[in-house]
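Here the structure is laid out as structure tokens; the discussion comes afterwards.
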Amino acid sequence: MPLGTKEERIEKVVELFDWLEYTVFGASLLLCMLIGVWFGFIKKAGQDTVEGYMLGGKQMKLVPVALSLISSFISGITLLGVPAEVYEFGVLIMGAAAGMIINGIISSIVFVPVFYDLQLLSLYEYLELRFNRHVRKTASALYIFITLIWVALAVYVPALAMNLVTGLNVHFVTSISSLVCIFYTTVGGLKAVVWTDTLQSILMVGSLIVVMVAGTFHVGGLSKILEVSAEGGRLEFFDRMHLGLTDRMTFWSSVLGYSVFWTYATSNSSAMVQRFLSLPTKRLALQSLFWYVLGCVFFFSAACYIGLAMYTMYLDCDPITAGLAKKPEQVTPMFVLEAVGHIKGIPGLFLSGVFAAALSTMATAINALAALIYEDFIVMVLKKRPEDKVASRYMKWISLIIGIVTVCLVFLVEKLGAVLVISSMFGGAVAGIMLGIFTLGLLAPFANVTGAFWGFGVSAAYMAWTIVGFNYYSQNGVIKYQKLKFSVEKCLFNVTSAIEGPWDNSMKEEDVFPIYRLSIFWYSVVSFLITIVVGIVVSKLTGGRRSTFAEKKLFHPFVHKFLIKKDDIKLGDVNGYVEVPVQDAKV
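Going by this note's numbering, the letters in the sequence shown line up with residues 34 to 620, in that order.
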């Protein structure tokens, strides 16, 4: 463990990030900009059409799209937030890797094949075809809201790391890095996004592997990491097999909660489905999904391992308790600098990888939201679809505005707490609702507009109520999650414990209404079940919907046998049936 006073430790961390690290970091940003220049100004054929700008002309290749899916999904939250989670609470979060595999199976069987056949530029156009325009707009608005929050978090986390190692202001860092992303996304379209994602995924893999190997040697080897982590309670996984609805995290809340969340993020997210549609065949789309799942499992597992190595290194001098780091996410870059900072270029490479993950997430979101806002709102307002060149300009301006809004939102998310908690709380609630709506659409032919609205509304209201209550009691210190044991006994400087307050310590957690104590990692499962159950019950009570075989592309093949023939509908017996014209390639 690095020795020294508190001031010396902080000064040494900053000194380790020298000119070479800045050069490596700056070179990665420059390469991203050059890719944008290449596709925006040099090789720009097809960029002035909607399909060319948003889907790469549907002629993208498997490898870059698969890498783009991985790097879009793996954000700074994963590379910095997951190690911090393992460092503080142990490896229960590894259930998310199992959830990713479950998501891969569900997405490949249920969602991706249907959405690929429909070929919709805006995924939420499906909800208009299946239900009506109001359901589509409501879902689109919710998706836009949560995506902007998610991206602001993804950009904020790497800025925290940069702030620790350089002392640069968080908002200055987010502004500069975001401007780079906005530039290459706006001018280069999907092609620039996919190829920068490819570069960024290489940076992420390289940096993670080097940090894992060098960090393992620095702390004493794999056996020591496993031994120390076991003694510190960090390896408990199958020990918590109970349901534990109010426990912070158990085996089941981790696996099931993230299964719902990942399935939504993979196949009910316009950003990800857009990647699948950019490939020329459905077979390639499913192959990209397979490699995407494997890649995400690797990154998640690697991030968890780094968290164990961090705990081994800081076992007797926790940087957070000692005041060396302000937030858990800053412990990871501190570990990288103090463990492998002697290998010149590696800290810069790792930070480049972290920012690469953040910029990839931001670029994907900007690209997808531009298409979504254009298709779901702008076109509806104009009432006449513009020519391709005009539409392409619209989406470039929308991309620019989205990027600016995201940077502004960083001022909000920095005040909300630990990033993994925030993303799991808001993301989980929205994930369950959206997955529930799409599941009703694809697998329940009798589900009607009324059922969809009630399922959506009741679930959203319930989760909003739960989130407000949880945050109120959490901010007041009534609901507190106990971290695993830490020590500062070997810090070579005085450590003053933080003063807790002003909290109402007269109230105990057991006195809080149980709904508010529901673990945030159950939010996705609960919101999904409410949406499904309410949607089914209300649909049945209001007469359901007579879905016809002519609409079969709106449903999964599994339920085609339950669709009725058009000739079987009697005059006046419609029960909410609305005929939807179906074309060969697109509904």
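Glycine included, each C-beta is placed from N, C-alpha and C at the ideal position.
Run of the alpha helix (DSSP H) containing residue i, from where it starts to where it stops
i, result
"Trp487", "482 to 508"
"Ser311", "Unbroken run through Ser311: none, as it is neither H nor E."
"Pro191", "166 to 199"
"Asn136", "128 to 139"
"Glu371", "364 to 373"
"Met413", "412 to 415"
"Leu162", "158 to 163"
"Leu102", "95 to 106"
"Ala117", "115 to 122"
"Pro146", "145 to 151"
Presumed contact (8 Å Cβ cut-off) between residue i and residue j, rounded CB distance
i, j, result
"Met195", "Leu384", "7 Å"
"Ala462", "Ile434", "In fact, because the Cβ distance is near 26 Å, the residues do not count as touching under 8 Å."
"Phe459", "Ile177", "No, Phe459 and Ile177 are not in contact; Cβ-Cβ is about 13 Å, not under 8 Å."
"Leu475", "Val147", "6 Å"
"Ser492", "Thr575", "Contact doesn't hold; Cβ gap of about 18 Å is too wide."
"Val188", "Met395", "6 Å"
"Gly265", "Leu348", "7 Å"
"Thr296", "Ile107", "So it is not a contact: roughly 17 Å between Cβ atoms."
"Phe561", "Gly469", "5 Å"
"Glu420", "Ser155", "The Cβ separation is near 19 Å, so there is no contact."
"Ala318", "Val145", "6 Å"
Nearest candidate by alpha-carbon position, reference residue i, set the options
i, options, result
"Glu522", "Leu289, Ala355, Phe331, Glu264", "Ala355"
"Val243", "Ile406, Leu382, Ala480", "Leu382"
"Ile548", "Trp498, Ser234, Ser520, Glu584", "Trp498"
"Ser101", "Ala263, Ala477, Asn400", "Asn400"
"Pro590", "Val511, Pro478, Glu543", "Pro478"
"Leu517", "Leu53, Ile597, Ile209, Tyr120", "Tyr120"
"Gly109", "Ala185, Gln152, Ile411, Val147", "Ala185"
"Ile411", "Val57, Gly137, Lys170", "Lys170"
"Tyr344", "Leu278, Thr365, Phe284, Leu357", "Thr365"
"Phe332", "Leu319, Leu236, Ser302", "Leu236"
"His251", "Ile437, Leu67, Ala342, Gly502", "Ala342"
"Ser211", "Phe270, Ala391, Gly277", "Ala391"
"Phe444", "Ser457, Leu193, Gln152", "Leu193"
"Val143", "Thr299, Lys257, Gly386, Leu241", "Thr299"
"Thr483", "Leu67, Phe164, Glu158, Tyr149", "Phe164"
"Gly328", "Ser104, Leu67, Gly577, Glu408", "Ser104"
"Lys429", "Thr439, Ala404, Met413", "Ala404"
"Phe205", "Cys441, Ile553, Tyr347, Lys586", "Cys441"
"Cys214", "Ile455, Ile437, Ser520", "Ile437"
"Leu95", "Phe323, Glu264, Ala130", "Phe323"
"Arg281", "Arg308, Gly577, Val124", "Val124"
"Leu278", "Val559, Lys598, Ile466, Met305", "Val559"
"Val454", "Ser321, Thr111, Met93", "Thr111"
"Met93", "Gly128, Trp228, Glu420", "Trp228"
"Ile135", "Val330, Met305, Leu162", "Val330"
"Lys541", "Leu551, Lys513, Ser520", "Lys513"
"Thr439", "Ile138, Lys598, Val306, Thr397", "Thr397"
"Val288", "Tyr556, Tyr149, Ile597", "Tyr556"
"Leu268", "Gly378, Ser155, Ile126, Leu162", "Ile126"
"Trp285", "His593, Ile553, Val168", "Ile553"
"Glu543", "Lys573, Gly510, Ser303", "Gly510"
"Gly577", "Asn481, Ser507, Phe595", "Asn481"
"Val57", "Gln363, Ile379, Glu584", "Ile379"
"Cys524", "Val326, Glu584, Pro361, Cys350", "Cys350"
Exercise. Are there three or more Cβ pairs, one per stretch, closer than 8 Å when the segment 113 to 125 is compared with the segment 326 to 338?
Worked result: Per the Cβ contact rule, the segment 113 to 125 is in contact with the segment 326 to 338 (3 or more Cβ pairs under 8 Å).
Problem set entry | Whole alpha helix (DSSP H) elements within the segment 257 to 332, 4-residue minimum | Counting whole runs of 4 or more residues, the segment 257 to 332 contains the alpha helix (DSSP H) stretches 284 to 300, 303 to 310.
For this session: Would you mind listing the alpha helix (DSSP H) stretches within the segment 545 to 580 that are 4+ residues and don't spill past its ends, in chain order?
Result: Counting only runs of 4 or more, we get 556 to 574.
For this session: Could you tell me whether the segment 287 to 296 touches the segment 304 to 321, using the rule of 3 or more Cβ pairs below 8 Å?
Result: Verdict: no, contact absent.
For this session: State whether the segment 366 to 378 contacts the segment 266 to 273, with contact taken as three or more CB pairs (one from each stretch) at a distance under 8 Å.
Result: A contact is defined here as three or more CB-CB pairs under 8 Å, and the segment 366 to 378 fails this definition with respect to the segment 266 to 273.
Exercise. Counting Cβ pairs, one atom from each stretch, are 3 or more of them under 8 Å apart for the segment 482 to 496 and the segment 568 to 585?
Worked result: Under the Cβ criterion (8 Å, minimum of three pairs), the segment 482 to 496 counts as touching the segment 568 to 585.
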